[in-house]
Amino acid sequence: MNFTAIRQYRSIAKNAAKTTIGDPFFLVLHLTVLLLIVLLAALPGFTYGEHMKLLRDQSQALLFLIGCLGIIFGYIRVITDDIRRGAGPILMSRPIGSFCLIAGKWAGIASSIILLHVSGLVSYLLVSEISYDSDFLNTSCLVLYFATIGAGLMLSGIRHYVLRGSYVFYANLILVSLLCLLLLVRVSSSGSDFFDWRGIESGIMIAGGILAFSAVLLPVAVIADSAVVLTIGIIVFLFGLISEYLISTSLGPGIVTNVIKSILPNWQYYWVADRLVDNQHVPLGYFGICGIQSFAFVIMFIIIATVLYDRLEIGKN
């Protein structure tokens, strides 16, 4: 086993994660998720007892949208800009393989966005307690929620003043930690019945969809400019929303149709919120199938991105 390559991979992934989490735009995305989920819970509507299902659907859609946007931002920040500035050849001048470089950068960005996704899921669970009653919001829990966010930002400022370092990086980590701590406190004090735990199942599937999106966009981030990465990212995101309908109506049912659906981006595979009704759950086998698909997407597109990167470097030389 090549332990040197493993150490290089971990170092590249760690640096990519620090760069992504430490960027101010990441903190903006983080705070946007935390505040918009509360806003979704506060919106009035005629839900006829299904307000929690509506909140779950809206929150999971928000998490997927923010996650994909975070992937686009991370690629532009860590991969595209680095390659355009010539940082890639500098790294390649050392004994670092191109696969290790691309895979490490992908892992760092993906882990950062998963951290953001986890924070959003914890926020959703807290908000599900706040909006448990279909008629009124739990104001005491709402105050605690906002106080936790404010305390996280304040503690980050104090830490930055005393110890220096990146304010944004530690603000993101402290926010996630405090929200998880608040969730543990609320569950232990009020019980688990007031939380919509089925949102975790949907959130896990959404995370798989975000990873699949990150895999599809990775080769574009290696060879294209920032504007192209953003444009293609939007196109891939929208295509994945309607690919199920387009393929089904064009080809009809059959084995070929199913194979094409599994190869092309299709976010409908990862949307299971409609199944979580009447106390139903997502089968473990479905988790496994979608997990294998996401893993296959990641491996396949990392290899494609590595080949494209090698050709790009050969062309420059």
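To get our numbering, take the position in the sequence shown, counting from 1, and add 327.
No residue lacks a Cβ here, since even glycine has one placed at the ideal position from N, Cα and C.
In the pairwise beta carbon analysis, the region 573–588 is classified as not touching the region 540–553: fewer than three pairs are separated by under 8 Å. Around the C-beta of glycine 526, 16 or more other C-beta atoms lie within 10 Å, and the residue is accordingly described as buried.
For serine 438, same chain residues with a beta-carbon under 8 Å away, outside a window of 5 residues either side, are Ala340, Ala344 in chain order. Distance between threonine 359 and arginine 412, taken at the CA atoms: about 30 Å.
Contact between serine 455 and methionine 532 is absent: CB atoms are separated by about 17 Å, not below the 8 Å threshold. Between the alpha carbons of phenylalanine 521 and isoleucine 457 lies a distance of about 9 Å.
Taking a C-beta distance under 7 Å as the contact criterion, tyrosine 636 and isoleucine 406 do not qualify as a contact pair.
Arginine 404 has its alpha-carbon roughly 21 Å from the corresponding atom of glycine 424. Taking C-beta atoms under 8 Å as the contact rule, leucine 538 and serine 621 qualify, at a distance of about 5 Å. In this structure, serine 541 places its C-beta atom within 7 Å of the C-beta atom of isoleucine 398. The C-beta of histidine 608 has fewer than 16 other C-beta atoms within 10 Å across all chains shown, which makes the residue exposed.
The region 504–521 and the region 465–485 touch, with three or more beta-carbon pairs separated by less than 8 Å. The beta carbon of tyrosine 336 sits closer than 6 Å to those of Cys427, Gly431, all from its chain and outside the five residues before and after it, given in chain order.
Within the model, the alpha-carbon separation for leucine 544 versus glycine 560 is close to 6 Å. At the C-beta level, leucine 448 and glycine 530 come within 7 Å of one another.
By the beta-carbon neighbour count (other beta carbons within 10 angstroms, threshold 16), glycine 492 is exposed. Of the other Cβ atoms in all chains shown, fewer than 16 fall within 10 Å of the Cβ of valine 583; this residue is therefore exposed. Around the Cβ of aspartate 523, a 10 Å sphere holds 16 or more other Cβ atoms; the residue is buried.
Straight-line spacing of the CA atoms in leucine 389 and isoleucine 631 works out to 30 Å. If you ignore the 5 residues before and after cysteine 468, its C-beta comes within less than 6 Å of the C-beta of Glu456, Ile457, all in its own chain and listed in chain order.
Secondary structure in the region 550–579: the alpha helix (DSSP H) runs of 4 residues or longer, each lying completely within the stretch, are 553–578 in chain order. Taking the CA atoms as reference points, isoleucine 476 sits about 14 Å from isoleucine 485. Closest by C-alpha distance to phenylalanine 353, out of Tyr402, Phe624, Ser570, is Tyr402. For the set Tyr596, Leu382, Pro351, the Cα lying nearest the Cα of leucine 568 is the one of Tyr596.
At least 7 Å separates the beta-carbon of glycine 394 from that of histidine 357.
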